[in-house]
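Here the structure comes first, spelled out in structure tokens, and everything after it is commentary.
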Amino acid sequence: MNQEQFELVKNGKGFIAALDQSGGSTPKALAQYGVPEDSYSNEDEMYDLIHEMRTRVMTAPAFNSESIIGAILFEQTMDRKIEGKYTPDYLWEEKGVAPFLKVDKGLADEEDGVQLMKPNPGLDDLLKRANERNVFGTKMRSVINKANAEGIKKVVEQQFEVADQILAAGLVPIIEPEVNIHSEDKAESEEILKKELVDHLNKLSEDKNVMLKLSIPTVDNFYKELIEHPRVVRVVALSGGYSRDEANLKLTANEGLIASFSRGLSEGLNANQSEEEFNTMIKESVKTIYLASIT
6 MNQEQFELVK NGKGFIAALD QSGGSTPKAL AQYGVPEDSY SNEDEMYDLI HEMRTRVMTA
66 PAFNSESIIG AILFEQTMDR KIEGKYTPDY LWEEKGVAPF LKVDKGLADE EDGVQLMKPN
126 PGLDDLLKRA NERNVFGTKM RSVINKANAE GIKKVVEQQF EVADQILAAG LVPIIEPEVN
186 IHSEDKAESE EILKKELVDH LNKLSEDKNV MLKLSIPTVD NFYKELIEHP RVVRVVALSG
246 GYSRDEANLK LTANEGLIAS FSRGLSEGLN ANQSEEEFNT MIKESVKTIY LASIT
């Protein structure tokens, strides 16, 4: 583990940029960027276009360690280059930003009110490649749609089981049990989730440290106990479908919680913008998310 990156992620001021749209979410991300589906005819062309978008974001002057402490990448982004360097090396060496990698293979069908992660038999090989590419940590997502105690328990058990595998590889896992912001019993789900998370965190040995990526809670400062837990490096928040302004406003009401926005970061960006227009928009987005993260 890179100790300098660990100190930055644990104590640095700023937020984590989520640039990890995968096969299922890429068409929507491109459409929001002004690139319709008829602009590409196959998956390879689609991934070329999303890499161009991500490259434009990461090379923007405002994308740097003054406001951003980490960036979550999709597997293909990790294996591609920016300005002649593999993306993780570019992020750290040129921008001072710690690289993370999305490692889950998507969501299973809903059962017991939740969606577990799909099986991932190739994870060990992926973690080996992540180490070869100088990645710092990982991220994996499950979804909670209903306040079903048994389902939420299964989500947390699976997340920590996979986290052990990631820790054994020398990487820092971001555990992401997202609570659907449109759930009718969101607050109740969060109560069950926090209890399960605390129980599992308390069982970790002192040499095992994880991160958490959570939906912004219904009750302000509800995750204070998690933020202060000795086994938690950092707790970050997903925008979860909120607009950037909504997410920023909710974030400012939660001390110690920082952003890890995807849609919130890319909101307003367009493929047809000039470099000046694009960089101005990125600068404003970064500034507002940064301020919400340090308030």
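Residue 6 is where the sequence shown starts when you use this note's numbering, and the numbers rise one by one after that. Even glycine gets a Cβ: it sits at the ideal position worked out from N, Cα and C. Computed from a predicted model, the values in this text were never measured in an experiment.
- When the beta-carbon positions are compared, L243 and E183 come within less than 8 Å of each other.
- Annotation for M83: the continuous alpha helix (DSSP H) segment containing it runs E80 to D84.
- Counted as a single uninterrupted DSSP element, the beta strand (DSSP E) harbouring V177 occupies residues V177 to V184.
- Rounded to whole angstroms, Y228 and K200 show a C-alpha spacing of 10 Å.
- Nearest C-alpha to D225 among N125, G156, Q81 and L254: L254.
- Closest option to K151, judged by alpha-carbon separation, among A174, E116 and D130: E116.
- In the structure shown, G269 adopts helical secondary structure according to DSSP, grouped into three states.
- Distance from the CA atom of K15 to the CA atom of S265, rounded to whole angstroms, is 14 Å.
- Proximity of the stretch 100-115 to the stretch 68-87 meets the contact definition, three or more beta-carbon pairs being nearer than 8 Å.
- Cβ contact annotation for E155 (same chain, cutoff 8 Å, sequence separation greater than five): D117, in chain order.
- Contact check for K218 against V241 passes: the beta carbons are separated by less than 8 Å.
- R138 is a Cβ neighbour of M83, given a cutoff of 8 Å.
- From the listed residues I299, L176 and L274, the smallest Cα separation to E289 is found for L274.
- In this structure, the straight-line span from the alpha carbon of N153 to that of D114 is close to 15 Å.
- In its chain, beyond the 5 residues on either side, Q26, T31, A34 and L35 have a beta carbon closer than 7 Å to the beta carbon of I55.
- S220: member of the beta strand (DSSP E) spanning V215 to S220, first to last residue.
- For P104, the enclosing beta strand (DSSP E) stretches over residues A103 to K107.
- Taken atom to atom, the span from the alpha-carbon of Y95 to that of S220 is near 29 Å.
- Exposed is the label assigned to H187, since fewer than 16 other Cβ atoms lie within 10 Å of its Cβ.
- Under DSSP, the beta-bridge partners assigned to K144 are K107 and I179.
- The residue from D43, F79 and F141 with its alpha-carbon nearest to that of L13 is F141.
- For V238, the uninterrupted beta strand (DSSP E) segment begins and ends at V237 to L243.
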